[in-house]
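Residue numbers (the numbering used here): 5 to 192.
Below, the structure is given as C-alpha cells:
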C-alpha cells in the first residue's frame, strides 16, 4: 500500500472525526443520565408524598381494642404481655440472626459472606411466611382458648455466651399458679 500525502491526511481526518464523535456522544449520554436521575428523584419524592398522604391514620380506639383482644387470646399468659416488641441480635463471623420477642423466634437471618441480587447481605428469613408457630392452650381448661405462639410476646429474654457459643432464650411464663411456661432457646 502506498502512503502518499492524501492518504495520510484522510486517515488523520477520519481519526479526528472518530474522536470528535465519541467525545460528543459521551457528553450527551452523561447529560441524559443526569436528567433521568433527576426525574427519578422527583418521581420518588412524589410517590413517597402520595404514600404518606394515603397512609391510614392510626386510631387509638382500635389500638386499644386490639390490645384487649390480644389479652383475651393470651389467656393465662395475659399478664406477661409487654407494650412493644424487643429485638435481640446474635452474630458470628458467618451469620447475623435478629430475634423478636413477639413469638420468641428469628425475624431475620443474614449470611455475611454472600450477597443477594440487590448487592445487600443475603437474607434467609425475613418475611411473614418464615414464622415458627404452633398452637397452645391459653385457658385454665382446654376448652377456654388457644393461641398461636407467633402472636404472643415472650417478655423474659436471657442471653449467655459459653465456650464460644452464644445462646438466647425467650420465656413465656403463665400468670396462674400452675407455673406453666414456654421457652424458645437458640444457640449460635
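We treat Cβ as the ideally placed atom computed from N, Cα and C, and that holds for glycine.
Per-residue DSSP class, three states only, for residue 90: coil
Inter-residue Cα distance where the pair is residue 137 and residue 55: 32 Å
Chain-order list of residues whose beta-carbon lies under 7 Å from that of residue 52 (same chain, five-residue window excluded): none
Sequence-distant residues of the same chain with beta carbon closer than 8 Å to residue 89, five excluded per side: 104, 105, 106, 157
Anticipated Cβ contact below 8 Å, residue 163 with residue 191, distance rounded: Actually they are not in contact, since the Cβ atoms of residue 163 and residue 191 sit about 11 Å apart, beyond 8 Å.
Sequence ranges, alpha helix (DSSP H) only - wholly within the segment 88-136, length at least 4: none
Residue environment, residue 131, which counts as buried when at least 16 other CB atoms sit within 10 Å: exposed
Burial state of residue 49, where buried means 16 or more other Cβ atoms lie within 10 Å: exposed
Nearest candidate by alpha-carbon position, reference residue 175, set 168, 24, 98, 160: 160
Same chain, Cβ closer than 6 Å to residue 186, neighbours up to 5 away in sequence not counted: 176
Counted within 10 angstroms of its Cβ, other Cβ atoms place residue 16 as buried (16 or more) or exposed: exposed
CB-CB length for residue 188 against residue 120, believed under 8 Å: Their Cβ separation, rounded to whole angstroms, is 27 Å, which puts residue 188 and residue 120 out of contact at 8 Å.
Neighbourhood of residue 100 by C-beta distance below 6 Å, restricted to the same chain and skipping five residues each side: 114
8 Å contact criterion, which residue 154 and residue 135 should meet: CB distance rounded: 5 Å
Identified DSSP bridge partners for residue 162: 173
Euclidean distance between Cα positions of residue 178 and residue 46: 53 Å
Three-state secondary structure (DSSP) of residue 26: helix
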